[in-house]
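Take a look at the structure set out below.
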Amino acid sequence: MAKQISVFLENKAGRLSRVTRVLGEAGINIRALSIADTSDFGILRIIVNDPDKAYRILKDAGFTVSETEVIAVQVPDSPGSLATVLEQMAEENLNIEYLYAFIGTSENDALVIFKVEDIEKARETFKKKGIKFVDEKRLYQL
Numbered sequence: 004m005a006k007q008i009s010v011f012l013e014n015k016a017g018r019l020s021r022v023t024r025v026l027g028e029a030g031i032n033i034r035a036l037s038i039a040d041t042s043d044f045g046i047l048r049i050i051v052n053d054p055d056k057a058y059r060i061l062k063d064a065g066f067t068v069s070e071t072e073v074i075a076v077q078v079p080d081s082p083g084s085l086a087t088v089l090e091q092m093a094e095e096n097l098n099i100e101y102l103y104a105f106i107g108t109s110e111n112d113a114l115v116i117f118k119v120e121d122i123e124k125a126r127e128t129f130k131k132k133g134i135k136f137v138d139e140k141r142l143y144q145l
């Protein structure tokens, strides 16, 4: 499991740059990010090298911030690999709330961040199916 920081952002010019500047000035390194938006606001989801510090820094800077547990899975970087993982999750009735991906630790894999309803069941499923998940310390250091 890993901690993901979510930041509520008004859909205005400069809001995203402000978040990244605040984090950068505090020595926080962004490992992965995703933005979901509507016409009025967006949710920035980030994996950082120090989520506890990032949460505090962003809260102190006046942002609306939350912390969510997610799980990172190592998926082979080849056609159909993500489909296989998703099918295995479906077989176990694991509901995925959202996901996003980024380049993995080698040119042969990608990392997929999953937000699921039942994170413990996801961990058990991944172990049972031989799907590699990445522990939080390793994820934060990528």
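Okay, so the sequence shown: first residue is 4 according to this note's numbering, each after it adds one.
Think of the CB as a built atom: it goes at the ideal place given N, C-alpha and C, for glycine as much as any other residue.
Per-residue DSSP class, three states only, for residue i
i	result
Thr67	strand
Ala57	helix
Ile31	coil
Ala125	helix
Ser20	helix
Leu145	coil
Presumed contact (8 Å Cβ cut-off) between residue i and residue j, rounded CB distance
i	j	result
Ala35	Ile99	Not confirmed; about 17 Å, so no contact.
Leu142	Ala75	5 Å
Inter-residue spacing [alpha-carbon to alpha-carbon] between residue i and residue j
i	j	result
Glu127	Ser84	19 Å
Phe11	Ser81	34 Å
Lys130	Glu123	11 Å
Asn14	Val22	13 Å
Val25	Glu94	42 Å
Gln144	Phe44	30 Å
Range of the contiguous beta strand (DSSP E) that encloses residue i
i	result
Ala104	99–106
Glu13	5–13
Leu114	112–119
Unbroken alpha helix (DSSP H) run spanning residue i, endpoints
i	result
Ala86	84–94
Proximity test, Cβ basis, 8 Å: residue i and chain D
i	result
Ala125	You won't find chain D in this structure, because it holds only one protein chain.
Validate contact between the stretch 32–40 and the stretch 62–69 using beta carbons, cut 8 Å, 3 pairs: The stretch 32–40, when compared against the stretch 62–69, does not touch it at the 8 Å Cβ threshold.
Touch test, the stretch 50–67 against the stretch 90–97, Cβ-Cβ under 8 Å, three pairs minimum: Output reads no: the stretch 90–97 does not touch the stretch 50–67.
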